[in-house]
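Chains as they are written, first to last, in the working numbering: chain A, 492 to 719; chain B, 492 to 719.
From the three backbone atoms N, C-alpha and C, an ideal C-beta is built for every residue, glycine too.
Down below is the structure, laid out as structure tokens.
Protein chains: 2
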Amino acid sequence: MHNQPEKLLEVRPDGKPLKSFARVVLDRRATSHFAPDPVPREYLDAILELAAQAPSGYNLQPWRFIVVQDDANRKRLQKAAFNQPKVAEAPCVIIAIGMKEEVKARADEVFIEGAQRRSADPEKIEAYQKQAMDFLSTMKMDVWVNRHVMIALTTMMLAAESYGFDTAPMEGFDPAAVKKEFGIPDEAEVVALLAIGRMREPEKPYPGRFELARIAFTEHYGRPWSQR
Amino acid sequence: MHNQPEKLLEVRPDGKPLKSFARVVLDRRATSHFAPDPVPREYLDAILELAAQAPSGYNLQPWRFIVVQDDANRKRLQKAAFNQPKVAEAPCVIIAIGMKEEVKARADEVFIEGAQRRSADPEKIEAYQKQAMDFLSTMKMDVWVNRHVMIALTTMMLAAESYGFDTAPMEGFDPAAVKKEFGIPDEAEVVALLAIGRMREPEKPYPGRFELARIAFTEHYGRPWSQR
């Protein structure tokens with residue numbers, strides 16, 4: 492495995508400084524139409540590196556990402572995604588998948604390296620690994636990998652925004668068709684697509700969000716959070 | 492529903508400026524032990540507001556968050572979370588849940604307001620809502636709400652980090668016990684817990700991440716991404 496990147500891009504492609512986290516979140520909107528300008532390779536590297544830093548249960552990292560930039564491949568992906576125009580328009584579309592079996596089959600490596608790096612007590616590593624595998628055996632693995640892949644994909648989406656790109660997360664696709672077209676193993680869950688590029692048209696008006704009192708509760712379900 | 496917050500906290504509680512997105516991601520580590528210092532209320536408000544800005548399919552926002560700060564309640568939550576010490580130590584623990592039924596029952600409101608705000612074409616709003624409900628009827632709702640809640644919870648975790656707090660996302664809990672203790676409806680999925688506070692002890696060594704070539708592919712599953 493590898494260490495954190497020592498140095499990441501700290502400016503946007505236009506030379507502007509990166510936005511604050513709050514601005515990244517507030518400015519992010521799902522982009523409907525993309526211009527063809529490609530995402531520079533060094534930015535794709537940085538966006539993927541940041542996504543790879545996402546946390547996961549026992550550091551098992553069940554996420555995998557297929558980066559689709561080729562014109563013909565984006566058209567194939569568009570067909571498997573109910574013909575959404577943005578899939579073929581965006582210069583880069585990420586297929587985010589989660590591995591339900593590989594994550595268990597290759598867990599040894601994670602636990603051995605965790606002990607070598609002293610992230611876990613080497614004396615207890617076998618017990619720790621057994622605990623992890625016992626825990627996973629109680630989980631619905633489709634739910635579990637979907638949860639985890641979304642941590643990394645959300646990080647990726649916000650990373651792209653922080654570098655000044657526009658994004659569109661998508662859940663409208665035929666998983667079987669996506670698997671077939673891109674050689675994805677049966678055991679994988681196709682979790683989401685993420686288009687990355689530059690918007691071609693102004694964004695649609697903001698659709699609003701539920702008030703905090705509706706979605707956040709104080710101490711107990713149903714007791715509305717009251718904002719200061 | 493409400494608009495985006497016009498003004499969000501743009502400094503940390505110690506007066507320092509917010510970190511760049513890349514630093515937020517690189518500095519974030521799962522905290523094992525927390526100090527008792529509370530999270531100031533205005534920061535909890537900002538963290539919740541940012542989480543609420545997360546995107547969701549058709550803007551349906553299936554996430555709900557129970558903010559647990561009371562000592563006795565954190566001890567009750569700890570019991571339902573395999574007695575993990577950090578649940579009782581952290582001054583604030585968020586229970587993140589997803590609503591499988593309410594999200595459909597209350598969809599009208601989202602579509603009507605979307606049309607009023609001209610986020611969707613008012614002429615097409617009925618067809619759009621039908622399409623959404625047809626789509627949801629094809630989804631495994633436990634998977635769907637887990638995906639969505641993790642978008643908002645990841646945003647929340649990174650928001651807390653950007654304000655200089657430490658966090659620990661957790662998946663080790665007994666969902667039935669959490670539901671019983673906090674009055675959560677049967678139809679809900681308990682997706683994750685997020686502890687927010689200040690670390691009490693230095694972080695464990697970084698456990699490493701898979702190389703990008705292992706988790707990212709070029710155009711097709713299995714063709715390793717080669718970083719520049």
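Could you give the C-beta distance for Glu540(A) and Leu649(B), rounded to a whole number, given that I count them as a contact under 8 Å?
Not confirmed; about 16 Å, so no contact.
Might you give, ordered along the chain, the residues of its own chain that have their beta carbon closer than 6 Å to the beta carbon of Glu678(B), omitting 5 neighbours on each side?
So the qualifying residues of the chain are Lys591 and Glu592.
For Asp536(B) and chain A, any beta-carbon pair shorter than 9 Å?
Judged by the 9 Å Cβ criterion, Asp536(B) is in contact with chain A.
Run the proximity test for Val558(A): is its beta-carbon closer than 8 Å to any non-hydrogen atom belonging to the ligand NAD?
The model on display carries no ligand, and the ligand NAD is accordingly not part of it.
Look at Phe556(B) and Met647(B) and say whether their C-beta atoms are less than 9 Å apart.
Yes, these two residues count as a Cβ contact at 9 Å.
Please name the residue or residues paired with Thr645(A) in a DSSP beta bridge.
In DSSP, Thr645(A) forms no bridge with anything.
Would you mind working out which of Met624(B), Met492(B), Arg597(B) and Val558(B) sits nearest Trp716(A), comparing C-alpha positions?
Looking at the Cα atoms, Val558(B) is the closest of the given residues.
I want to verify the contact list: residues of chain B whose CB lies under 7 Å from the CB of Asn574(A), in sequence order.
Within chain B, no residue comes near Asn574(A); the closest Cβ sits about 14 Å away, beyond 7 Å.
If we ignore side chains and look at the alpha-carbon of each, how far apart do Lys595(B) and Gln552(B) end up?
Roughly 11 Å separates the two Cα atoms.
In the DSSP assignment, find the unbroken alpha helix (DSSP H) run with Met630(B) in it and report its ends.
No alpha helix (DSSP H) contains Met630(B), which DSSP labels as neither H nor E.
What does the alpha-carbon distance come out to for the pair Ala521(A) and Met632(A)?
Near 28 Å, if we compare the C-alpha coordinates of Met632(A) and Ala521(A).
Which whole runs of the alpha helix (DSSP H) in the segment 566-631 of chain B are 4 residues long or more, in chain order?
The segment 566-631 of chain B contains these whole alpha helix (DSSP H) runs: 576-580, 593-596, 598-607 and 616-629.
Under 9 Å, do Tyr549(A) and Tyr619(A) count as touching if we go by C-beta distance?
A contact, by the Cβ cut-off of 9 Å.
Any idea if Met624(B) is buried or exposed, counting beta-carbon neighbours within 10 angstroms, 16 or more meaning buried?
Its Cβ having fewer than 16 others within 10 Å, Met624(B) is exposed.
Candidates Ala667(A), Glu652(A), His711(A) and Asp562(A): which alpha carbon is nearest Leu685(A)'s?
Measuring from the Cα of Leu685(A), the nearest candidate turns out to be Glu652(A).
Classify Glu639(B): buried if its beta carbon has 16 or more other beta carbons within 10 angstroms, exposed otherwise.
The sequence as given places His at residue 639(B); Glu does not occur at that position. Buried is the call here.
What's the gap between the Cα of Phe630(B) and the Cα of Ala683(A)?
Strictly speaking, residue 630(B) in this sequence is Met, with Phe absent from that position. Cα to Cα, Met630(B) sits roughly 13 Å from Ala683(A).
Determine, using beta carbons only, whether Tyr697(A) comes closer than 9 Å to chain B.
Yes, Tyr697(A) counts as interfacial toward chain B.
Using a Cβ cut-off of 9 Å, which residues of the segment 608-640 of chain B contact any Cβ in chain A, in chain order?
From the segment 608-640 of chain B, only Arg608, Arg609, Ser610, Ala611, Phe626, Met630, Lys631, Asp633, Val634, Trp635, Asn637, Arg638, His639 and Val640 have a Cβ closer than 9 Å to chain A.
Please state whether DSSP places Leu499(A) in a helix, a strand or coil.
Reduced to three states, the DSSP call for Leu499(A) is coil.
For chain A, is any of its Cβ atoms less than 9 Å away from the one on Gln544(B)?
For Gln544(B), the answer is yes, since a Cβ of chain A falls inside 9 Å of its Cβ.
On the criterion of 16 or more Cβ atoms from any shown chain inside 10 Å, does Gly506(B) qualify as buried, or is it exposed?
Exposed, because fewer than 16 other Cβ atoms sit within 10 Å of the Cβ of Gly506(B).
Thinking C-beta only, is Val636(B) closer than 9 Å to Glu680(B)?
Contact flag set, yes.
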